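The next block holds one structure in the form of structure tokens; read it before the comments.
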Amino acid sequence: MKEILDKLEQRRAKAREGGGAARVEAQHKRGKLTARERIDLLMDKGSFEEFDMFVEHRTSEFGMGAQKIPGDGVVTGWGTVNGRTVFVFAKDFTVFGGSLSETHAQKITKIQDMAMKARAPIVGLFDAGGARIQDGVAALGGYGEVFKRNVIASGVVPQISVIMGPCAGGDVYSPAMTDFTFMVRDTSYMFVTGPDVVKTVTNEQVTSEELGGASVHTQKSGVADGAYDSDLECLLQMRRLIDFLPANNESGVPEWPSGDDITREDASLDTLVPGNPNKPYDIKELILKVADEGDFFELLEAFAKNIVTGFGRIGGRTVGFVANQPMVLAGVLDIDASRKAARFVRFCDAFNIPIVTFVDVPGFLPGTNQEYGALIKHGSKLLFAYSQCSVPLVTVITRKAFGGAYDVMASKHIGGDVNYAWPTAQIAVMGAKGAVEIIFRADAGDADKIAARTKEYEDRFLSPFAAAERGYIDDVILPRHTRARIAKALSMLRGKRVELPGRKHDNMPV
Ligand code: HXC
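First residue of the sequence shown: 75, per the numbering used here; consecutive thereafter.
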């Protein structure tokens with residue numbers, strides 16, 4: 075009997091070796107952890123339950139019959155993160171470069187199916203060379219099975235992808251369809267086709283880092299929501315992110331104990347908006363002062379910085395913050411900002427996370443670049459996303475809310491539930507200069523007349539009261555009371571229900 079038991083332990087030990095000591099050492103030398111080390115950091119200590127550690131590939135092509143490594147290049151299972159169930163698969167680069175075979179794919183789809191049954195989040199850790207070349211078309215079929223499940227799970231359980239090494243070919247599309255993608259600086263890269271193919275097809279010469287490193291995807295393409303300096307930092311931040319996320323679309327947001335008084339006032343907010351309406355200020359200061367304990371998990375921090383998106387808590391419950399950032403391009407809405415915020419708003423709505431919107435927006439960015447790039451289409455994504463929301467929407471206009479951008483930023487008209495403005499708010503079709511130039515064109519040569527008209531316009535329209543008189547703004551509030559007023563509004567809206575007409579699905583301007 076003992077022999078049988080020992081045999082089990084030997085088989086387990088063999089599987090835990092992955093691709094062997096030399097490949098593990100090479101992995102460490104590159105500053106990367108192994109798949110199992112990563113899972114240990116992601117999950118609560120001792121909570122990980124591994125599945126399928128004895129699975130092997132079934133290929134005999136190109137001598138593969140003689141090369142079988144238990145686990146077949148991916149470690150899968152489930153565990154807990156701060157006590158909450160999370161499913162995980164981690165590509166093991168030490169085994170056939172983490173490449174995806176038919177059986178490797180089956181291990182992942184088993185976990186995806188279980189996450190759906192258990193209605194719990196799923197995290198994928200990527201570090202791999204794409205399709206297992208020797209597996210041929212079976213690998214392509216495997217990818218398809220994974221992709222299909224990504225789509226079925228979308229909006230049902232949160233899906234997070236973490237890129238911790240190479241991620242190319244078939245491996246890139248699964249992360250792109252999940253809710254969040256994160257990278258590790260210097261050791262990870264993502265691209266559809268690598269530098270060699272690029273050179274052959276376009277004659278461009280680029281390194282992997284230049285083509286798809288963390289700086290590319292967090293700053294230029296917006297494919298990745300964030301990047302960290304090491305595997306360790308990245309995985310600890312993923313634990314922090316998971317704490318903000320609901321388990322599924324029906325569970326409601328997690329509730330954590332908070333020692334931060336929801337009626338806390340902050341007098342410094344009364345002077346946040348400068349006297350000069352063209353002077354910038356940092357909207358993140360407002361977010362940090364409103365959120366519980368100043369804890370804010372920002373997404374796409376380095377991309378489209380003219381809008382800020384991320385998770386915080388109010389009264390211990392998760393909220394999504396969306397805020398125009400006057401520090402960058404005066405907080406204008408452009409293509410990238412619209413895309414970034416639209417995707418975030420849709421995530422929040424899908425998972426029943428209330429949205430708090432801070433508005434200081436001078437309008438949409440003019441120019442041929444923007445128009446040729448389909449600003450009309452991309453801008454309407456954000457309008458569509460907010461209009462579609464059935465989650466509580468609480469909006470606070472701190473300063474400018476001009477033109478179409480006023481409507482877009484969770485205004486009353488498109489579904490805002492509680493809409494507040496600070497006394498410094500200016501809610502109008504446009505700023506004074508532009509308005510006076512158009513409606514008093516005849517006075518253009520007369521500086522005194524123009525000055526008087528400008529003053530008249532500013533007094534009448536550049537305030538929150540024209541909107542408040544119509545009920546577009548529910549109240550004009552003191553900045554110092556912002557946290558308390560939002561908290562009250564969210565508490566009133568906890569049971570919000572919206573009935574939408576039945577349909578197969580909408581036709582969002584993608
Ligand atoms: C089988 C692979 C592999 C693959 C790597 N390996 N990629 N085995 N299929 N796709 C194996 C190597 O043979 C090697 O085995 C080990 O993994 C480590 O690889 P190295 O090349 O030594 O490592 P490194 O120098 O770090 O380079 C990593 C790499 C490179 C950049 C990922 O391996 C690479 O370019 N691989 C191929 C990438 C690729 O073109 N994949 C197919 C994409 S097409 P040993 O035994 O020596 O340790 C695709 C289509 C799917 O994915 C489309 C679906 C929609």
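Cβ atoms here follow ideal geometry from the backbone N, Cα and C, with glycine treated the same way.
Quantities reported herein were computed from a predicted structural model and do not represent experimental measurements.
Proximity of C422 and G390 at Cβ, strictly below 8 Å: The answer is no: Cβ separation not under 8 Å.
For K562, three-class secondary structure by DSSP: helix
Sequence-distant residues of the same chain with beta carbon closer than 8 Å to A540, five excluded per side: I501, A502, R534
Separation of V435 from G218, as counted between CA atoms: 42 Å
Collapsed DSSP secondary structure at R589 in the structure displayed: Within the shown structure, residues of the chain are numbered from 75 to 584, placing residue 589 beyond reach of any answer.
CA nearest to the CA of D481, picked from S454, K142, D356, Y263: S454
I143 Cβ short of 7 Å to the ligand HXC heavy atom set: no
Opposing strand residues paired with I501 [DSSP bridges]: A475
Opposing strand residues paired with C425 [DSSP bridges]: The sequence given here has Phe at residue 425, not Cys. Paired residue(s): none; F425 is not in a bridge.
Host alpha helix (DSSP H) of Q84 (start-end): 76-90
Residues that S235 bridges to, as DSSP identifies them: G198, T255
Contacts around I185, its chain only, beta-carbon distance under 6 Å, and the 5 residues preceding and following it disregarded: T150, F161, F163
Between the CA atoms of E530 and Y302 - distance to the nearest angstrom: 51 Å
Rounded separation between P232 and D491 - CA only: 26 Å
Secondary structure of L107, DSSP reduced to three states: coil
Close Cβ partners of I143 (< 6 Å) along its chain, the five nearest in sequence each way excluded: V169
Within 8 Å, strictly: CB atoms of I357 and P400: Yes, the pair counts as a contact, with Cβ atoms nearer than the cut-off.
Residue from I427, D335, V266, E372 with nearest C-alpha to G326: I427
Sequence-distant residues of its chain with Cβ nearer than 7 Å to D586 (five each side left out): This structure leaves residue 586 out entirely; the chain is present only between 75 and 584.
Closer than 7 Å: S173 CB and nearest the ligand HXC heavy atom: yes
Supposed contact pair S173 and G139 - C-beta distance, whole angstroms, cut 8 Å: Wrong, their Cβ atoms sit about 17 Å apart, outside the cutoff.
Distance cut-off 7 Å: G243 Cβ against heavy atoms of the ligand HXC: yes
Terminal residues of the beta strand (DSSP E) in which C241 lies: 240-242
Separation of I409 from T442, as counted between CA atoms: 12 Å
Whether I237 touches M251 by CB criterion (8 Å): no
Backbone CA spacing between N323 and E135 [nearest angstrom]: The alpha-carbon atoms of N323 and E135 are separated by roughly 44 Å.
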